[in-house]
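*Asks:*
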Amino acid sequence: MTRVPTMKRWAFGLAGLVAVAAAYLLLWPTGLAPVRWDPPTSKGLVGPHAPNTRLSGTRSILLHSGLGPEHIAVAADGTIFTGTEGGQVLRLDPQGSAETVIANTGGRVLGMAIDAQGDLIVADAYKGLLRITPAGRVSVLSDRVDDGTPVGLADAVAIGPDGSIYFSDASTRFTATKSGGALAASRLEILEQSASGRVLVFDPRSGRTSEVARGLSFANGIVVTSDGRSLLVADTGRYRIWKIDAGARQLDLRHPQGKSALFIDNLPGFPDNLTHGREGRIWVGLVAPRTDAIDAAATMPTLRSIVARLPPAWIPAAPPHAHVIALSELDGRVVADLQDASGDLHSVTGVTETADRFYLHTLEGGRVHWLPSQLP
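Residue 1271 in the numbering used here is what sits at position 25 of the sequence shown, and the numbering runs on without skipping anything.
As structure tokens, then:
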């Protein structure tokens, strides 16, 4: 006599849970306003990107003072500098026998470059654009633009021949502070696709910070071309790299009208750090591979809103795939492609090439991976 009411209660309870779950997935506010975009059809790992194992068998230098060497700068004498997710700035010798914490920014160290005075210029996700002297003195160069807007998430840095410091502000919508870290901010910016990233320039003579260009979906790696006239900038969420006139100001790359052009498009992964190599090479780290699911979701903003409400652990991750490529600075042609799909390496953001080594940048882990140079 009591079974039917009990079953009804269970049914009503289950229906209620389903309704609550559906309401959460569809209606819970996330602060995200996804925009539809139509990615170019992926060619996959074919042609110059055919699968290979050229990144396998790396050697490594153990870090004792932090994790996540996301970028690596190498001085003329071979000294290695890197930063960690805890804000430590490390100096290493090439053999890994000596490690010194020269500073702690109190943030998350991302891109770095060495200026003409031997100081480190650092993009910190929380603090902005910083200068760090060899003695470890940290000073803020820029955390605000002349138009009054704050630097949201300083990501990568490059120094021009006249001393101008160009850096990417990865997202003005999602900061590391508000999003729970730089990685979380990158996911939100790319999920939304509102292209709120921009490129900035700091003039050390005047102390002013100006906007070069806006409209990038997570503005990321940056280099100044060898002639000093142009910038190459990774547009991570759109699988492409822009070439921008270094003297441009306030360009909107969503509506390009001169002074900018695509350097390469339709990459097989998400481009991250850019660095100069030997023989006119521009190295690009593809931090994660493209997938059919990610490309399909580009045209479905509502689906991306639902994904944003899911716990990160519930979102399927792409299989680990370490991948870096080299482009010709002259024409953007792929001149080298190095991969490792074994799972030993993952989240590789870039490469620093010296006369005899490739140092790999990684988002995670406590080692600096390297391998002997394979190219002339």
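Where a beta carbon is used, it is the ideal one built from N, C-alpha and C, also for glycine.
Can you check which of these residues, D1473, T1482, L1508 and S1472, is closest to W1488 by C-alpha distance?
*Replies:* L1508
*Asks:* Could you check what DSSP says for T1287 in three-state terms: helix, strand or coil?
*Replies:* coil
*Asks:* Since E1435 is in the alpha helix (DSSP H), which residue starts that stretch and which ends it?
*Replies:* Segment A1428 to E1438, the alpha helix (DSSP H) holding E1435.
*Asks:* From what residue to what residue does the beta strand (DSSP E) around L1376 run?
*Replies:* G1374 to I1378
*Asks:* Out of curiosity, what's the CA-to-CA distance linking P1286 and Y1485?
*Replies:* 9 angstroms
*Asks:* Quick check: what's the CA-CA separation for P1315 versus R1451?
*Replies:* 31 angstroms
*Asks:* Considering only residues of the same chain and omitting the five flanking positions on each side of G1342, which have a CB-CB separation below 6 angstroms?
*Replies:* Excluding residues within five positions, the ones whose Cβ falls inside 6 angstroms are I1307.
*Asks:* Could you check what DSSP says for I1552 in three-state terms: helix, strand or coil?
*Replies:* In this structure, I1552 counts as helix in the three-state DSSP scheme.
*Asks:* Tell me whether G1483 is buried or exposed, calling it buried when 16 or more other Cβ atoms sit within 10 Å of its Cβ.
*Replies:* Taking all protein chains shown into account, G1483 has 16 or more neighbouring C-beta atoms within 10 Å of its C-beta and is therefore buried.
*Asks:* Counting only runs of 4+ residues fully inside the segment 1542-1595, write out the alpha helix (DSSP H) ranges in chain order.
*Replies:* 1547-1555
*Asks:* With the cut-off set at 8 angstroms, would you say I1405 and V1335 are in Cβ contact?
*Replies:* Cβ distance not < 8 angstroms, so I1405 and V1335 don't count as in contact.
*Asks:* What residue range is occupied by the uninterrupted alpha helix (DSSP H) comprising S1425?
*Replies:* Unbroken alpha helix (DSSP H) run through S1425: A1422 to S1425.
*Asks:* Quick one: Cα of T1346 to Cα of A1539, how far?
*Replies:* 43 angstroms
*Asks:* Starting from the Cα of P1280, find the closest Cα among T1299, A1441 and A1359 and give me that residue.
*Replies:* A1441
*Asks:* Figure out for me which residue from E1599, L1437 and A1359 has the closest Cα to the Cα of G1277.
*Replies:* L1437
*Asks:* Count the C-beta pairs between the segment 1593-1604 and the segment 1495-1509 that are closer than 8 angstroms, then say yes if the count reaches three, no if not.
*Replies:* no
*Asks:* Tell me whether T1548 is buried or exposed, calling it buried when 16 or more other Cβ atoms sit within 10 Å of its Cβ.
*Replies:* exposed
*Asks:* Ignoring anything shorter than 3 residues, give me the beta strand (DSSP E) runs that lie fully in the segment 1332-1395, in order along the chain.
*Replies:* Taking 3 residues as the minimum length, the beta strand (DSSP E) runs contained wholly in the segment 1332-1395 are 1334-1338, 1345-1350, 1355-1360, 1366-1370, 1374-1378 and 1384-1388, in order along the chain.
*Asks:* Helix, strand or coil: which one does DSSP assign to R1305?
*Replies:* strand
*Asks:* Taking a contact to mean a Cβ-Cβ separation below 8 angstroms, would you say G1309 touches R1603 in this structure?
*Replies:* It is Leu, not Gly, that sits at residue 1309 in the sequence shown. Going by C-beta atoms, L1309 is not nearer than 8 angstroms to R1603.
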